[in-house]
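To keep things clear, I will list the structure first and then write my remarks on it.
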Amino acid sequence: MTEVSPSRAARKYLRSLSLGLRGALEYRINFLFSLLGAVSPVIIQTALWTCLYAPGPGGASATGSADTLFGYTYAQMLGYTVIANIVSRLVRTGFEYDLNNDIRSGGLDRFLVKPIDYFGFRMAQFIGAKSAEAVFMGAVLAACLAVLAAVAGLGLSALAVVGFVLALALAFVLNFLIFWCVGLLGFWLTEIGFLFEAVRIVIITASGGIFPLSVFGERGEAILRALPFRFTIQFPTEVLCGRVAPGDVALGLCVGALWILPLAALARAVWAVGLRRFVAVGS
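Below, the structure written as structure tokens:
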């Protein structure tokens, strides 16, 4: 069997990354509409929190405290709402539909006979697609933070920005692995598009993408914080909001990185079992 040189293999994945990048740029209208779709939840949540924080006749908010709700000040909650929605949009996947289509249509065959790893191919395309989106969303995030700093007094530090970038990179990897495992269910199920969206809603909620996890109470928050999902949205969001101490940022990054190991092992195991079934059915 002919061995593929490392440089030649690297060029294949760079080519896959380029395909993802060009695909994201070609569908600019779809991207703009998805961005507009992300604005409405922010508006609704901002109105909701504004009402809850508004002082009543006795000087207290709707839940009894004029200063904080669920451990957040009004400025922090607004910042969390905006940043969490942008982070959720950034780490959002979509390759699971392509994965399911390749399995269902038999198109996976052409990758199995080529000297390219299918997982690496999808990961490279995902990174390429997110590269274009990250530039635009980064500009949107900077503009939103400037407005929040002026209107709500939300402060930022250079250390928080660096920690956020690292946490966001970790979130990309974790979310990819999570939805890769979900997408592999296509080996056993045929039409699972509805399942993808149901799982996405559950994971976004468990990640703190809709509300901070403290909304679920001490016990609920403790359970959700023991799972890897919070590292995809809540952790990078809280880092940027300055709610995580520098030492805890490093600890959180290490804990989140450790979650990569079991998720990668699960992905590898499910892929091996599913691939055997795919080959048996297709033969």
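Following the numbering used here, the numbering of the sequence shown begins with 2 at its first residue and continues without gaps.
No residue lacks a Cβ here, since even glycine has one placed at the ideal position from N, Cα and C.
* Looking at C-alpha atoms only, which residue of Leu-49, Ala-85, Thr-47 is the closest neighbour of Cys-242? -> Scanning Leu-49, Ala-85, Thr-47 for the CA closest to the CA of Cys-242 turns up Ala-85.
* To do: Quick one: grab the DSSP three-state call for Thr-94.
  => coil
* To do: Determine the contact status of Pro-237 and Leu-169, defining contact as a CB-CB distance below 7 Å.
  => yes
* **Bridge partners - Leu-228, DSSP secondary structure assignment** => Answer is none; Leu-228 lacks a bridge partner.
* Status (buried if at least 16 other CB within 10 Å, exposed otherwise) for Ala-273 -> exposed
* **Nearest-angstrom Cα separation, counted from Ser-89 out to Ile-202** => 11 Å
* Ala-125 to Ala-251, Cα distance in whole Å? -> 27 Å
* If you run the structure through DSSP and keep just helix, strand and coil, what is Leu-155? -> coil
* To do: Starting from the C-beta of Ala-207, find all residues in its chain whose C-beta is less than 6 Å away, skip the five residues before and the five after it, and write them out in chain order.
  => Leu-225, Phe-230
* **Val-183 beta carbon near the ligand HEM (any heavy atom closer than 6 Å)** => The ligand HEM is absent from the structure shown, which contains no ligands of any kind.
* Asked: Does DSSP put Leu-70 in a helix, a strand or coil?
  -> strand
* Do you know whose CA, among Phe-71, Asp-118, Val-256, lies nearest Glu-222's CA? -> Residue Phe-71 holds the alpha-carbon nearest to the alpha-carbon of Glu-222 among Phe-71, Asp-118, Val-256.
* **C-beta atoms of Phe-165 and Val-92 nearer than 7 Å** => no
* **Coarse secondary structure for Arg-278, derived from DSSP in three states** => Residue state, collapsed to three classes: helix.
* Contact between the stretch 41–50 and the stretch 112–125 (3+ Cβ pairs under 8 Å) -> no
* **C-beta atoms of Gly-187 and Ile-87 nearer than 7 Å** => no
* May I ask you to report which of helix, strand or coil DSSP gives Cys-255? => In the three-state reduction of the DSSP assignment, Cys-255 falls in the helix class.
* **Contact set for Ala-76: own chain, Cβ-Cβ below 8 Å, skip 5 residues either direction** => Leu-149, Ala-153, Gly-154, Leu-155
* Grouping DSSP H, G and I as helix and E and B as strand, with all else coil, what is Gly-108? -> coil
* Confirm, please, whether the CB-CB distance from Ala-268 to Trp-181 is below 7 Å. => yes
* When we look at the beta-carbon of Thr-82 and count the other beta-carbons within 10 Å, is it buried (16 or more) or exposed? -> buried
* Asked: Can the beta-carbon of Leu-167 be found closer than 7 Å to that of Leu-254?
  -> yes
* alpha helix (DSSP H) containing Arg-201: first to last residue? -> 194–207
* **Close Cβ partners of Ala-265 (< 8 Å) along its chain, the five nearest in sequence each way excluded** => So the list reads Leu-178, once near-sequence residues are dropped.
* To do: Would you kindly work out how many angstroms separate the C-alpha atoms of Arg-278 and Leu-196, rounded to a whole number?
  => Approximately 21 Å, taken between the alpha carbons.
* Cβ-based burial, Glu-97 [other Cβ within 10 Å; buried from 16] -> buried
* Does the beta-carbon of Thr-94 have 16 or more other beta-carbons within 10 angstroms, so that it is buried, or is it exposed? -> buried
* **Integer Cβ distance of Gly-210 from Ile-234, believed to fall under 8 Å** => 4 Å
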